[in-house]
Amino acid sequence: MTLLHPDRLFPPDPATRDVARRLFATIETAPIVSPHGHTDPAWWGENRAFSDAAELFVIPDHYVVRMLVSQGAQFASLGIGQDATTDRRAIWRRFATAYHLFRGTPSRAWIDHALVHVFGIGERLSPDTADDVFDRINEHLQSPEFRPRALYDRFGIEVLATTDSALDDLHHHHAVQDCDWTGRIVPTYRPDAVVDPDYEGFLGNLERFGALTGCDTHRWQGYLEAHWRRRAFFKSMGATATDHGHPTAQTADLSEADASSLYQRLIRGNARPEDPELFRAQMLTEMARMSCEDGLVMQLHAGSHRNHSGLVHRLFGRDRGFDIPTRTDFTNGLKPLLNAVGMDRRLTLILFTLDESTYARELAPLAGAYPSLRLGPPWWFHDSFEGMRRFREMATETAGFYNTVGFNDDTRALCSIPARHDVARRCDCAFLAELVTSHRLDEDEAFDLAPLLAGGLAREAYRLGGR
Amino acid sequence: MTLLHPDRLFPPDPATRDVARRLFATIETAPIVSPHGHTDPAWWGENRAFSDAAELFVIPDHYVVRMLVSQGAQFASLGIGQDATTDRRAIWRRFATAYHLFRGTPSRAWIDHALVHVFGIGERLSPDTADDVFDRINEHLQSPEFRPRALYDRFGIEVLATTDSALDDLHHHHAVQDCDWTGRIVPTYRPDAVVDPDYEGFLGNLERFGALTGCDTHRWQGYLEAHWRRRAFFKSMGATATDHGHPTAQTADLSEADASSLYQRLIRGNARPEDPELFRAQMLTEMARMSCEDGLVMQLHAGSHRNHSGLVHRLFGRDRGFDIPTRTDFTNGLKPLLNAVGMDRRLTLILFTLDESTYARELAPLAGAYPSLRLGPPWWFHDSFEGMRRFREMATETAGFYNTVGFNDDTRALCSIPARHDVARRCDCAFLAELVTSHRLDEDEAFDLAPLLAGGLAREAYRLGGR
Amino acid sequence: MTLLHPDRLFPPDPATRDVARRLFATIETAPIVSPHGHTDPAWWGENRAFSDAAELFVIPDHYVVRMLVSQGAQFASLGIGQDATTDRRAIWRRFATAYHLFRGTPSRAWIDHALVHVFGIGERLSPDTADDVFDRINEHLQSPEFRPRALYDRFGIEVLATTDSALDDLHHHHAVQDCDWTGRIVPTYRPDAVVDPDYEGFLGNLERFGALTGCDTHRWQGYLEAHWRRRAFFKSMGATATDHGHPTAQTADLSEADASSLYQRLIRGNARPEDPELFRAQMLTEMARMSCEDGLVMQLHAGSHRNHSGLVHRLFGRDRGFDIPTRTDFTNGLKPLLNAVGMDRRLTLILFTLDESTYARELAPLAGAYPSLRLGPPWWFHDSFEGMRRFREMATETAGFYNTVGFNDDTRALCSIPARHDVARRCDCAFLAELVTSHRLDEDEAFDLAPLLAGGLAREAYRLGGR
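Chains as they are written, first to last, in this note's numbering: chain C, -14 to 452; chain L, -14 to 452; chain A, -14 to 452.
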């Protein structure tokens, strides 16, 4: 028993395992390309120390919180909500006591990896080791080597994208660019707050959007112009991509007159029930048209029913583990957008799903035909050994490897970045090895593909340059 | 070739198989916990001998009947319906002649297991062996060792739940409790006949419901009170759970006034088309609220389109193998119930699906967040090697092991009980062994989990006490 | 590295691989039964030489074209559309340059197989080998041994069905029957052009349908009579089956009066929006009723959203790789048809899906109950190693092997016929071998099943006679 076995995630068959090992050896230490994620820009801009293990591993990690809550933990005992405990050691002990709940889950793999690789801790977390591990992590966190920028460098990250509101002034990104640290942190244009009429404070957001850009956001054309300007600003700050989190994959392609009327109904408060969805749908097509012009790569993360529990949302806010996937229809949903710009070779639209039944049925056929489309890696609940295997098994035969874009760690947990890339690289090597030993791929081709899956395809799809 | 290989269902890789074998050795003979099933309470209450092999293995087994019918057998030749043959040997020969149809299906595995373990028959059933096997089974059935209670004891069953109508007087359960046999047979409260307006005789059922309970079931509050009283009665008879078979997972949370109006429309015969579904939806939430109070564990079996063939239903009745699964939406369907009581730690709601696309997309994320939710084992068509593997592969990474509840045999075929638990235990050991050899789980953890999956989680989730 | 490894697609575990090898040895050279496909009847009727490698492998193969287009190739560069290049060598080079895109896809396996087995080419296609391979193929194509009928004989085909419009005069089939070649080419009745109101030229097609048959297709009964007559004609030409390509699996069972009214609305141009779908639905049931009488086996290929890109359809026509699958509901969709004739033992209805989530949830339960139903093999995007494995894993436990119908190559690429059967046979042997080594099937049973899956079940289900 070791906390991290060198052959983890490799196939048990000796011949296949041997191929997987040899493939992995060529990419194990390749630079990390992280074109989509949710790290806090303040980490990079301010580079302050993390306070303690509970702040780093438990409180903000919605994977961890939801599992503990699902087995009876109170949010307050995890430091969340009013009347929450402020005793960080107590939070950590609560977590350690329940560590067995994570058996067989990716959180376990990520945290074990971080304990070993980031903090040099080799024993499994348990009630018995909780205090010692807590103290050792906290001690490390006080040293300069454990500040965000130092971790970025230690992790071998080549480039890392944050996800930023269209209303953000990107001052943390300015700070990174103005200092002498050489890390490459780029923003991503995420306009949900001004694109989704159901977003909290939508109308106020439109006012700010106008004020920020000097555009008249009371008019449809002025509103679009505001997007153009913000996109240009993000691009000037290094952004290569936009990101869109929508409840469905529905798109629309209205006439300008209809789109303008729709917009007026929304901002004047006389929207019809179907208008919010129609507006989101129309805006995906507008964003795709802009991407054709300004070259920002477009990402669509569709199908999450956010804040499924009204109670949890009300008491504890967003991102507490209560976003639940729903069925998603890409074939019909994307048709208006694809008929408008899907054959335009200037566009790259990367699709993400939480509905795995769409991999083989919809996404791979779509990406295997339209030149604008690429498949994002397994997202969220599917960012795991079995999830990655299902993705490769269900998407590859129709879309091939070259219509996929490598890995996204997509995380707000800093120490999980190398862990997640490690898992993805191992899973890809395992899959390639199985193709080789079942003679579906020649070995030289597997060695050609491994570094592409580990970084090359991401660099190219996200237009990040390099190598 | 042996009828039951000691390594059946274990992975072929030698190292993985070795782990699976060692895990299985620790649980092979563990007591059987059977918290959900459809054995006939009369078996336990009256303890009469079964008449013959055809009555035991063919006529009542809808898995067997549907397969034979799908390949051209007439119901009459299987002893079903008017004008059915009464020649039991002829039925058995018909079955034996078609035994090859079951290759690769769980029915084959269950029947082979029963032939070997219950009747000591070691050769494969075939036209050549049909008569001899028929005679040997029938001879055994005449002896006391093959009566239901003796089989229960021989099978090592610790507790077994039946499924009983809300209108049942549970007299067979009384008989079990009043005799000196020590078997533990508990009822389960299944109120479909008084909850589903589309159920045959719904209005008459409500009258009987009122008469049984002394409640005025012409009023909404009286109707609810009748449920309270029947639930208390079932609980007094040992029940720890309720069970709900609904065509969808739709729930509702109406105001009392709206619920009362809905109920009045239904009993007065002026229901709207959507009212039956709305009433079923509302009743799930009512049942969940009652479970919070009286502690009965709630089970939801959703998504079966019952009696798909009108002809078969008309001529041959229910449960003839013509219930067909449909797509099921848990994320949106359960939301009203979960918003009402989903965060209540007193509630346990166990979810079952026939739509495997919901495992990873909906059920595991829901059960991995809400403290009230647990995932039932693979149900019905999925109660099989591949079905169990898909369940573990698709649910574990998001829900973990501890949000699942072990195995249900869910059967009306007595001799298949040990067979089904044997299959489930082997499949779980195979899955755990794969986690161990791919270093996703440490071996000591697998040995910790195996007995939980084989019984411990069921005891806890169903509040059965013991160990 | 060899272009075709003798153990390709077999499981890596040595014991399992050994079983797979021995099973495959018994069927590797079995005659090819091809009861459904899209080869051009002119090939068989005229037996002309193919002009060159690009015409044979690239231009008409929508699998190849869509992948190249998805990665930026212009249709014109592939010889498609107005202004297309006519330089066949340039097209071939374009293809060879992009051959890496097909890594891990079935196209790669099929083309490699054809290069080796049909043309004796042993090196992998690449930019370096492109010209040489092009020249060698073209040289072969000029010789008599590479004409269609000679290839049919060389491939060991026992019978091959084409798919033919209800309006076709089958003159190529006449030509085959009138010559002294002994190949068995049979037509299939595909009436989409006169059954689908959304088909191009539907009303004109009905006129031709009337003219061809001497029936009054302005009346519902005359229209049905025209089908009866065309079906009889196809049957006289050797057809044993019909085929129906519908966007959904919806069926209907209207009264004759309602059906007649519906038909009148459609041909008089006052159809309601739901009428086209309702008419297609009704016609499936009508076709099933006719099949009960005339014995033609019915095939339903449901769930393809044809011509998803309006632009591609307008500029380049049908079958360019832009048909995208959609979710399909068989349980509710087929119910009217099945309630009408589903229990009729004279009917065989073979179901195909592009929605794999229906395998275990809907198709296997339906085919495992209704005597009229059989499951077609994995279709289109799923006609591949992983696709076939998922089909067997998801369908077998509920439907068994005997409710499936063996393999369809379903191709318009002549040289891929033996390649596709080779893949299917290997996948089936791999699956059987896994059942054997996990002791879910005895070895003698696997040897019994292998030839059935390789041809026997197809002969029987499609009523092709022989053996």
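All residues carry an ideal CB built from backbone N, CA and C; glycine is no exception.
All values derive from a computational prediction rather than experimental measurement.
How big is the Cα-Cα spacing for residue i and residue j?
i, j, result
"M275/C", "P258/A", "35 Å"
"A446/L", "V282/L", "8 Å"
"L53/C", "D153/C", "33 Å"
"R425/C", "A94/A", "7 Å"
"D138/L", "G450/L", "19 Å"
"R175/C", "E430/L", "42 Å"
"T236/L", "F315/L", "9 Å"
"H290/L", "A61/L", "24 Å"
"M(-14)/A", "G353/C", "Low local confidence applies: a pLDDT of 44 at M(-14)/A is under 50, so the model's placement there is unreliable, with the coordinate-based value given in what follows. Taking the straight line joining both Cα atoms gives about 27 Å."
"R312/C", "R6/C", "37 Å"
"G288/A", "N255/A", "27 Å"
"L442/C", "H298/C", "37 Å"
"A99/C", "I76/C", "18 Å"
"A10/A", "Q56/A", "39 Å"
"A217/L", "D279/L", "8 Å"
"W365/L", "H157/C", "55 Å"
"W205/L", "A244/L", "8 Å"
Give me the DSSP bridge partner(s) of residue i.
i, result
"R444/L", "Partner(s): none; R444/L has no beta bridge."
"I17/L", "I142/L"
"F337/C", "H286/C"
"R359/A", "I335/A"
"P310/C", "S289/C"
"H468/C", "Because chain C in this structure spans residues -14 to 452, residue 468/C falls outside the shown range and cannot be described."
Is the distance from the Cβ of residue i to the Cβ of residue j below 7 Å?
i, j, result
"D(-2)/A", "D(-2)/L", "yes"
"P362/C", "F140/C", "no"
"H357/C", "G391/C", "Checking the sequence, you will find Ser at residue 357/C rather than His. No, Cβ-Cβ distance for S357/C and G391/C is not below 7 Å."
"A151/A", "P20/A", "no"
"P172/C", "D149/C", "yes"
"L296/C", "G66/C", "no"
"W29/C", "P182/C", "no"
"G22/C", "D394/C", "yes"
"A81/A", "A58/A", "no"
inquiry  = Under 9 Å, CB to CB, which of the residues in the segment 291 to 311 of chain A have a partner in chain C?
reply    = Going along the segment 291 to 311 of chain A in chain order, one finds H293, S294, G295, L296, V297, R305, G306, F307, D308, I309, P310, T311 with a Cβ nearer than 9 Å to chain C.
Contacting positions in the segment 385 to 413 of chain A - beta carbon closer than 8 Å to chain L = Answer set for the segment 385 to 413 of chain A: G385, F386, Y387, N388.
query = Can you find at least 3 beta carbon pairs, one from the segment 373 to 385 of chain A and one from the segment 369 to 381 of chain L, that sit closer than 8 Å?
reply = With a cut-off of 8 Å, the segment 369 to 381 of chain L and the segment 373 to 385 of chain A count as touching, because enough Cβ pairs lie within range.
Residues within the segment 357 to 372 of chain C neighbouring chain L, beta-carbon criterion of under 8 Å = Per Cβ criterion, the list reads F366, H367, S369, F370, E371, G372.
ask   = Is there contact between the segment 29 to 41 of chain L and the segment 31 to 45 of chain A, where contact requires at least three CB pairs shorter than 8 Å?
value = No, they do not touch.
task = Would you be able to state if there are at least three C-beta pairs under 8 Å between the segment 265 to 275 of chain L and the segment 222 to 232 of chain L?
result = Between the segment 222 to 232 of chain L and the segment 265 to 275 of chain L there are three or more C-beta pairs closer than 8 Å, enough to call the two in contact.
ask   = Any contact of the segment 407 to 426 of chain A with the segment 161 to 168 of chain A, i.e. 3+ C-beta pairs under 8 Å?
value = Segments in contact, no.
query = What residues in the segment 251 to 265 of chain L bring their beta carbon closer than 7 Å to a beta carbon of chain C?
reply = With the criterion set as a beta carbon lying under 7 Å from some beta carbon of chain C, the segment 251 to 265 of chain L has no members that meet it.
inquiry  = Tell me whether the segment 339 to 355 of chain L and the segment 332 to 349 of chain C touch, counting them as touching only if at least three CB pairs, one residue from each stretch, are closer than 8 Å.
reply    = Result yes; three or more Cβ-Cβ pairs closer than 8 Å.
request  = Count the CB pairs spanning the segment 303 to 310 of chain A and the segment 44 to 52 of chain A that are closer than 8 Å, and state whether there are at least three.
outcome  = Enough Cβ pairs lie closer than 8 Å, so yes.
query = Going along the chain, which residues of the segment 45 to 70 of chain A sit with their C-beta nearer than 7 Å to a C-beta in chain C?
reply = Those residues of the segment 45 to 70 of chain A that come within reach of chain C (Cβ to Cβ, closer than 7 Å) are R51, M52, V54, S55, Q56, G57.
request  = Give, in chain order, every residue of the segment 314 to 340 of chain C whose Cβ lies closer than 8 Å to some Cβ of chain A.
outcome  = Within the segment 314 to 340 of chain C, the residues whose Cβ lies closer than 8 Å to some Cβ of chain A are D314, T316, N317, K320, L323, N324, G327, M328, R330, listed in chain order.
task = Using a Cβ-Cβ cut-off of less than 7 Å, give me the residues of the segment 421 to 434 of chain C that come near chain L, in sequence order.
result = Flagged: no residues at all.
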